[in-house]
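Report on the following structure.
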Amino acid sequence: MTREQALALLQQHLKNRNLVKHCLAVEACMRDFARHFAQDPESWALAGLLHDLDYEYTLAKPAEHAEKTAEMLAGFDLPEEIVHAIKAHNMRVEPSSKMDVSLLTIDPASGFIIACALMHPNKKLLALDLAFLKKRFKEKSFAKGASREQMAGCVKLGMTLDEFLQLCLGAMQKISAELGL
33 MTREQALALL QQHLKNRNLV KHCLAVEACM RDFARHFAQD PESWALAGLL
83 HDLDYEYTLA KPAEHAEKTA EMLAGFDLPE EIVHAIKAHN MRVEPSSKMD
133 VSLLTIDPAS GFIIACALMH PNKKLLALDL AFLKKRFKEK SFAKGASREQ
183 MAGCVKLGMT LDEFLQLCLG AMQKISAELG L
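Residue numbers for the sequence shown follow the numbering used here, beginning at 33 and rising by one.
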């Protein structure tokens, strides 16, 4: 599957533009994490782009989230590692690879970073720095839906929280125009 095919599939199944932007942000982060770990950036990016493909269908049935995406992708020639990572991001299967753990930790981090940008006086990703993110990370009432525990799982990748957040932020800043931030 090419990126263009994945993007068309995403736009066909996700009508909420902010959800599409979330998937683009996760895609960018996954691509940079793959490079960081000397892995295939394109397969990692596809996992990030497609990870919430079923979100609007499973909103009322969160236990089915990721399983339905796997079903939707069954007819495509995707490496099993991509489907496994998608399932692992919602704990449908145990995360067992760097790709799995990266997607699991990046998913909430991208939402957290977007929330930081939206509350920054400039409302721009390029205005953010690690100090700003760390200050907001400590505020448990800020971006409550972004699991701090899940993000802290970056230690399983051999990364500190600072390294993790900086890599995510840098990836998202590269596509800030596409994200409208």
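We put the beta carbon where it would ideally sit given N, CA and C, even for glycine. This structure is a prediction, so every number in the text was calculated from the model and none was measured.
Is it buried or exposed, residue i, if we count other Cβ atoms within 10 angstroms and call 16 or more buried?
{"i": "residue 142", "result": "buried"}
{"i": "residue 133", "result": "buried"}
{"i": "residue 46", "result": "buried"}
{"i": "residue 93", "result": "exposed"}
{"i": "residue 197", "result": "buried"}
{"i": "residue 161", "result": "exposed"}
{"i": "residue 86", "result": "buried"}
Quick one: grab the DSSP three-state call for residue i.
{"i": "residue 50", "result": "helix"}
{"i": "residue 126", "result": "coil"}
{"i": "residue 167", "result": "helix"}
{"i": "residue 202", "result": "helix"}
{"i": "residue 71", "result": "coil"}
{"i": "residue 45", "result": "helix"}
{"i": "residue 218", "result": "Summary: the structure shown does not reach residue 218, with the chain confined to residues 33 through 213, and so no result is reported for it."}
{"i": "residue 33", "result": "coil"}
{"i": "residue 161", "result": "coil"}
{"i": "residue 173", "result": "coil"}
{"i": "residue 212", "result": "coil"}
What's the C-alpha gap between residue i and residue j?
{"i": "residue 101", "j": "residue 79", "result": "11 Å"}
{"i": "residue 182", "j": "residue 128", "result": "15 Å"}
{"i": "residue 159", "j": "residue 57", "result": "17 Å"}
{"i": "residue 193", "j": "residue 37", "result": "33 Å"}
{"i": "residue 137", "j": "residue 187", "result": "10 Å"}
{"i": "residue 63", "j": "residue 73", "result": "5 Å"}
{"i": "residue 155", "j": "residue 163", "result": "16 Å"}
{"i": "residue 165", "j": "residue 209", "result": "20 Å"}
{"i": "residue 33", "j": "residue 126", "result": "25 Å"}
{"i": "residue 59", "j": "residue 173", "result": "27 Å"}
{"i": "residue 66", "j": "residue 76", "result": "6 Å"}
{"i": "residue 68", "j": "residue 204", "result": "15 Å"}
Under 8 Å by Cβ, that's how I've got residue i and residue j pegged, so tell me the actual separation to the nearest angstrom.
{"i": "residue 122", "j": "residue 152", "result": "Actually they do not touch by this definition, with Cβ atoms about 29 Å apart."}
{"i": "residue 39", "j": "residue 105", "result": "Contact flag wrong, Cβ pair sits at about 14 Å."}
{"i": "residue 135", "j": "residue 83", "result": "6 Å"}
Is any heavy atom in the ligand ZN found nearer than 7 Å to the beta carbon of residue i?
{"i": "residue 61", "result": "For the structure depicted, the ligand ZN is absent and the ligand set is empty, with no information on it obtainable."}
_Residue ranges of each alpha helix (DSSP H) within the region 79-137, 4 or longer_ = List check, alpha helix (DSSP H) in window: 87-90, 99-104, 112-120.
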